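Worksheet for the structure shown next.
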Amino acid sequence: VVRRLTAPDIRARKGGEPIVSLTAYHAHTARLIDPHVDFMLVGDSLGNVMHGLETTIPVTVEMMILQGQAVMRGSRRALVVVDLPFGSYEGSPQQAFATAARVLKETGAGAIKLEGGSRMAETVRFLADRGVPVMGHIGLTPQSINTLGSFRALGRDEASAAIILEDARAISDAGAFAIVIEAVSEPLARQITQEVAAPTIGIGGSSACDGQILVLEDMLGLSDRVPRFVKKFADIGPAIGEAVEAYASEVRARSFPAAEHTYAPKKT
Ligand code: KIV
Ligand code: NA
6 VVRRLTAPDI
16 RARKGGEPIV
26 SLTAYHAHTA
36 RLIDPHVDFM
46 LVGDSLGNVM
56 HGLETTIPVT
66 VEMMILQGQA
76 VMRGSRRALV
86 VVDLPFGSYE
96 GSPQQAFATA
106 ARVLKETGAG
116 AIKLEGGSRM
126 AETVRFLADR
136 GVPVMGHIGL
146 TPQSINTLGS
156 FRALGRDEAS
166 AAIILEDARA
176 ISDAGAFAIV
186 IEAVSEPLAR
196 QITQEVAAPT
206 IGIGGSSACD
216 GQILVLEDML
226 GLSDRVPRFV
236 KKFADIGPAI
246 GEAVEAYASE
256 VRARSFPAAE
266 HTYAPKKT
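Numbering (the UniProt record's numbering), first residue to last: 6 to 273.
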């Protein structure tokens, strides 16, 4: 049997070989990426990517659990981390623990992720002390869109950089096993990576981070609008369009299904 990577395995990679990760929401994509990533994130970006939502605010714990179960079924090697969605953990450490415990019990995933820096440090400590490995997420935190006002890079001036550095220190000291840093300037990402004990996982955080993550559909060319930090490693959107166009024309011409796709009666 293959042993699944654990949160402590990821934690131990600080300063070493870069940590590779992607999002996964489905059994089939989980199966495809499992041999290549160290962890896969069942991100609440599934609200945007799978459900066509404008923000992650409406995403529910039930949505996260269903996709978490699918990703666990499709993978066997990588650590699976599941996002706690907006409204399911910010109220108190107790609320966060109840949600995290439900997610871990119902999916079998090895860790959860939650958004927020200094304000979430007490909660990170509460969970970590009670058997819940926590991945932090600072910088651009999409669940705060209604207070941030827009999705744009942060930490590009000194005052904002100082706050984000403090956020990183607070949740690392509270026991986060890794920290996603999203859409922050390169010098800040570098400084955080040098100063905090937890490995940093960049998304728009520069190559200075201890690892990288992207939304799988974004890097495959399946999303219509993507941020600056996305590189399209493939462009499979047009390939899907072409395949469906070919299928449609063969169905209309009755050239599909052909004989080899058709069942003959049993010979008696
Ligand atoms: O939900 C998500 O996909 C994320 C990653 C982009 C870090 O939180
Ligand atoms: Na997320």
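Don't be surprised by glycine CBs; every beta carbon is placed ideally from N, CA and C. Here the structure is a predicted model, which means the values were calculated and not measured.
Residues bridged to Ile169 [DSSP beta-bridge criterion]: The sequence position of residue 169 within the sequence shown is 164, counting from 1. Ile169 pairs with nothing; no bridge assigned.
Any heavy atom of the ligand NA closer than 8 Å to the CB of Gly48? Indexing the sequence shown from 1 puts residue 48 at position 43. Checking every heavy atom of the ligand NA against the Cβ of Gly48, one is found closer than 8 Å.
Give me the Cα-Cα distance between Ala166 and Asp178, rounded to the nearest whole angstrom. Within the sequence shown, numbered from 1, the residue matching residue 166 stands at position 161. Within the sequence shown, numbered from 1, the residue matching residue 178 stands at position 173. C-alpha separation (whole angstroms): 18 Å.
Buried or exposed: where does Gly210 fall if 16 or more other Cβ atoms within 10 Å of its Cβ makes it buried? Sequence index remark: in the sequence shown, residue 210 carries index 205 (1-based). Gly210 comes out buried.
Could you tell me if the beta carbon of Lys237 falls within a distance shorter than 8 Å of some heavy atom in the ligand KIV? Here residue 237 corresponds to residue number 232 of the sequence shown, with the count starting at 1. False, no ligand heavy atom lies under 8 Å from that Cβ.
Given this structure, state the Cα-to-Cα distance separating Ile117 from Thr28, to the nearest angstrom. Along the sequence shown, read from residue 1 onward, the residue named residue 117 stands at position 112. Along the sequence shown, read from residue 1 onward, the residue named residue 28 stands at position 23. Those two C-alpha atoms are separated by around 13 Å.
CA-CA distance, Thr112 and Pro13? Taking the sequence shown and counting its residues from 1, the one referred to as residue 112 is at position 107. Taking the sequence shown and counting its residues from 1, the one referred to as residue 13 is at position 8. Taking the straight line from one Cα to the other gives about 19 Å.
Can you tell me which of Pro232, Phe234, Ala213, Gly226 puts its alpha carbon nearest to the alpha carbon of Ile245? On the sequence shown, residue 245 is found 240 positions in, with the first residue counted as 1. Ranking the options by Cα distance to Ile245, first place goes to Gly226.
Counting Cβ pairs closer than 8 Å, one from the stretch 85–103 and one from the stretch 43–50, do we hit at least three? yes
From Gly79, Leu170, Arg81, Asn53, pick the residue whose C-alpha is nearest to that of Met68; which is it? Locating residue 68 in the sequence shown gives position 63, counting from the first residue. Measuring from the Cα of Met68, the nearest candidate turns out to be Asn53.
Per DSSP, Phe44 is paired with what? Mapped onto the sequence shown, residue 44 falls at position 39. Bridge partners of Phe44: Ser26, Leu84.
Measure the alpha-carbon distance for Phe182 versus Leu132 and round it to whole angstroms. Within the sequence shown, residue 182 is the residue found at index 177, counting from 1. Within the sequence shown, residue 132 is the residue found at index 127, counting from 1. Roughly 12 Å between the two C-alpha positions.
Which residue comes first and which comes last in the beta strand (DSSP E) that contains Leu219? Stepping through the sequence shown from its first residue, residue 219 is reached at position 214. Note, Leu219: beta strand (DSSP E), 216–219.
Would you mind listing the beta strand (DSSP E) stretches within the stretch 76–124 that are 3+ residues and don't spill past its ends, in chain order? 84–88, 116–118
Does Thr34 come out as helix, strand or coil in the three-state DSSP assignment? For the purposes of this step, residue 34 is taken as the residue at position 29 of the sequence shown. Of the three classes helix, strand and coil, the one that applies to Thr34 here is helix, per DSSP.
For Phe45, the nearest candidate out of Ile218, Leu159, Met224 (CA to CA): If you number the sequence shown from 1, residue 45 lands on position 40. In the sequence as displayed, the identity of residue 45 is Met instead of Phe. The shortest Cα separation from Met45 among Ile218, Leu159, Met224 belongs to Ile218.
Three or more beta-carbon pairs under 8 Å between the stretch 76–87 and the stretch 143–151, yes or no? no
Which stretch, first to last residue, makes up the beta strand (DSSP E) that contains Ala183? Within the sequence shown, the letter at position 178 stands for residue 183. Taken as a continuous stretch (DSSP letters only), the beta strand (DSSP E) holding Ala183 covers 183–187.
On the DSSP letters alone, give me the boundaries of the alpha helix (DSSP H) that Gly52 sits inside. As a first step, residue 52 must be located in the sequence shown, where it is residue number 47. Gly52 -> alpha helix (DSSP H) spans 51–54.
In the DSSP assignment, find the unbroken alpha helix (DSSP H) run with Gly242 in it and report its ends. Numbered from 1 along the sequence shown, position 237 holds the residue referred to as residue 242. Looking at the DSSP string, the run of the alpha helix (DSSP H) that includes Gly242 is 241–257.
Could you name the residues of the same chain whose beta carbon sits closer than 6 Å to that of Ala105, not counting the 5 residues immediately before and after it, in chain order? Position 100 of the sequence shown holds residue 105. Answer for Ala105: Ile117, Leu132, Val137, listed in chain order.
Quick check on DSSP: helix, strand or coil for Val137? Position 132 of the sequence shown, counted from the start, is the residue given in the question as residue 137. Val137 falls in the coil class under three-state DSSP.
Give the straight-line distance between the Cα atoms of His33 and Arg9, rounded to the nearest whole angstrom. Along the sequence shown, one-based indexing puts residue 33 at 28. Along the sequence shown, one-based indexing puts residue 9 at 4. Near 18 Å, if we compare the C-alpha coordinates of Arg9 and His33.
What would DSSP say about Gly73, mapped onto helix, strand or coil? Stepping through the sequence shown from its first residue, residue 73 is reached at position 68. Reduced to three states, the DSSP call for Gly73 is helix.
Helix, strand or coil for Ile206? Go by DSSP, reduced to three states. Within the sequence shown, the letter at position 201 stands for residue 206. If DSSP states are grouped into helix, strand and coil, Ile206 belongs with the strands.
Quick one: is the Cβ of Glu120 within less than 8 Å of any heavy atom of the ligand NA? Counting from one through the sequence shown, the residue named residue 120 turns up at place 115. Under cutoff, so the answer is yes.
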